[in-house]
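If you count by the working numbering, then the sequence shown holds residues 5 to 177, one letter each, in order. Backbone N, C-alpha and C fix where the C-beta goes; we use that ideal spot for every residue, glycine too. First comes the structure, then the notes that go with it.
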Amino acid sequence: GLVGAGWWAREVHAPAFQGASVRIQGVYAAGSPRARALAEAYGARVYEDYLDLLEDVDAVAIATPDAVHVPLALEAVRRGRHIFLEKPVGVSLEEALTLLRAVEERDVVAMTALTARADWAAETAVRYREALGEVLTFRGAFLADYLADPQAPVPWRARVLGGGPATGPALGG
């Protein structure tokens, strides 16, 4: 099951799972108008209740605002479901450790989405690292269009701990 219907779920997770011959059973995205379109694109069902989704799947991919990663993942783990979790794992070390303990106790598979590990640029840099010598500086950019639509329903981006690891410190969180 897909948990979340934003850019990562739509543009990264769903296509990757389809390419891996994984059937997407359903999509749960609390209050998201995008959930139906995502579900229909993959022949899946929209779930209005997260617990109902968990009853019907073996695993979930969680791509939601950071603050709800661990609560959603813990519920899945408690029910013996495997999890694929977007970064960051949690909003604190304590949250991440709580999830780790639960995963170990239930003996489920848990994986953090490290999508750049298969990135061409990263692979190329590793391949040529000896020829490059000692790296003295690095500059990078993440260019994506998921913030381009000013009408997009993304109110969590305006809240502390809602929009990524930089927003907590940047907004005083």
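- In this structure the segment 125-138 does not touch the segment 61-79; the number of beta carbon pairs closer than 8 Å is below three.
- Contact annotation: the segment 44-63 touches the segment 20-29, with at least three C-beta pairs closer than 8 Å.
- An exposed status is given to proline 37, since fewer than 16 other beta-carbon atoms sit within 10 Å of its beta-carbon.
- According to DSSP, isoleucine 28 shares a beta bridge with no other residue.
- The continuous beta strand (DSSP E) containing histidine 86 extends over residues 86-89.
- Check the Cα spacing between glutamine 22 and each of Gly5, Asp56 and Leu57: the tightest is with Gly5.
- In the structure shown, the three-state DSSP call for threonine 116 is strand.
- In the same chain as histidine 17, and ignoring 5 residues on each side of it, the C-beta atoms closer than 7 Å to its own belong to Leu6, Ala65 and Ala67, in chain order.
- Cβ neighbours of threonine 116 within its own chain (closer than 7 Å, five residues either side excluded): Leu89, Lys91 and Val93.
- For arginine 49, the enclosing beta strand (DSSP E) has its first and last residue at 49-51.
- 8 Å or more divides the Cβ of alanine 63 from the Cβ of arginine 83.
- Alanine 20: member of the alpha helix (DSSP H) spanning 18-23, first to last residue.
- Valine 64 sits in a strand when the DSSP states are folded into three classes.
- Isoleucine 87 places its beta carbon 8 Å or farther from that of alanine 122.
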